[in-house]
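K.L.:
Going by mature numbering (1 follows the signal peptide of the UniProt record, and there is no 0), the letters in the sequence shown line up with residues -17 to -1, 1 to 258, in that order. Virtual Cβ for every residue (Gly too), placed ideally from N, Cα, C.
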Amino acid sequence: MKKLTLISLALASFLVAQETSDVILEATKEESKPQSLEIKPLTSKNGFLVGVELGLGGGSGELKTQENYSIGNVFLNSKPFIFNGKIFTGYQRYFSQDNKMGYNAKVSFGSGYNIRTDDYSHNVLPTGDIEKLPYGNEYNFKNSYVPLSFGIEANFLYDFWEKGEQVLGASIGLGYSFVYGINTEMYMVNQPESREIFDKYFTDKNIYYSLISPKIALHYYYGKHQVELGFSFDKALGESVNKNSYVSATENIDNTITTKPNYFYTFSLSYAYRF
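Have a look at this one:
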């Protein structure tokens, strides 16, 4: 009986040792397996955009007045300073296999402030030719207006750096906008009281023109937030012709003011949220 008990204990000890060995072996195998890295799926950069844009810049233009009053025919060179703000909406899509190239299209509405310094240094002769005034006879006008703009644009996007939810890239694009300027004011720099005279006699003074705007920009994304720093060269098309008629102390005067912007340039900063 005692011998049987010893045999049973020996067998039990062997089974326990064998089971322990199997557990250790299995754990060793699990540890030796290569650990798979968890790859976070790339967040889509496609979606609808809603945002705001601020811009500062300058430019060049011309302003010509012609009257049936001999000293009223003048030619002015304009140097504008502009500030504008826009709200926009649009759609963005990336199409390349590596998700680096894409495009977006936007529609915008904006307003701002445009103030111009008009250098009166030339006369308009009856023949229509431009004659430079003698030195010392020049003077400056100041005029300003509120530009209301409606625009569309399309941009090609290329992202050259990505890390997690951060993206850095560049874009190139082309835009078109129609600008209608309201609340126009004009006065002579050395005669501030002339503001009232111009307001009284020049009643037809709103201006309008179109802009074709090539644009380059850098953009930065963080998740669904997008920031862009851009530069555009805005070539102006068309001119405004304003006709005014009024009675001076001696005669009736018909006045025509032709405003022709040549170009603008704008540095812009925008923020958009992608849905």
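Please specify which runs of the alpha helix (DSSP H), each continuous and at least 4 residues long, are wholly inside the segment 160 to 206, giving them in chain order.
P.N.:
If we require 4 residues or more, the alpha helix (DSSP H) runs fully inside the segment 160 to 206 come out as 177 to 184.
K.L.:
Roughly how many angstroms lie between the CA atoms of leucine 32 and phenylalanine 92, to the nearest whole one?
P.N.:
Going from the Cα of leucine 32 to the Cα of phenylalanine 92 covers about 14 Å.
K.L.:
Beta-carbon within less than 6 Å of lysine 28's beta-carbon, same chain only, minus the 5 sequence neighbours each way: which residues are those?
P.N.:
The answer, listed in chain order, is Tyr77.
K.L.:
Tell me whether phenylalanine 78 sits in a helix, a strand or coil according to DSSP, three-state version.
P.N.:
Here phenylalanine 78 sits in coil by DSSP.
K.L.:
With H, G and I counted as helix, E and B as strand and the rest as coil, what does DSSP make of phenylalanine 258?
P.N.:
Coil at phenylalanine 258, not helix or strand.
K.L.:
Report the rounded CA-to-CA distance for aspartate 237 versus glutamate 136, giving the unit in angstroms.
P.N.:
Their Cα atoms are separated by approximately 40 Å.
K.L.:
Based on the DSSP output, what are the partners of lysine 28 in its beta bridges?
P.N.:
According to DSSP, lysine 28 bridges with nothing at all.
K.L.:
Look at the alpha carbon of alanine 200 and the alpha carbon of serine 43, and state the distance between them as a whole number of angstroms.
P.N.:
For alanine 200 and serine 43, the distance between alpha carbons rounds to 23 Å.
K.L.:
I'd like the span of the beta strand (DSSP E) that includes lysine 218, first residue to last.
P.N.:
From DSSP, the beta strand (DSSP E) with lysine 218 extends over 208 to 220.
K.L.:
Give me whichever residues DSSP pairs with glycine 42 in a beta bridge.
P.N.:
Glycine 42 pairs with Phe247.
K.L.:
Rounding to the nearest angstrom, what Cα-Cα distance links leucine 131 and isoleucine 195 in this structure?
P.N.:
Approximately 16 Å, taken between the alpha carbons.
K.L.:
From the DSSP output, in three-state form, read off glutamate 148 for me.
P.N.:
Three-state result, glutamate 148: coil.
K.L.:
Tell me whether the beta-carbon of tyrosine 159 lies closer than 8 Å to the beta-carbon of glycine 134.
P.N.:
Yes, the pair counts as a contact, with Cβ atoms nearer than the cut-off.
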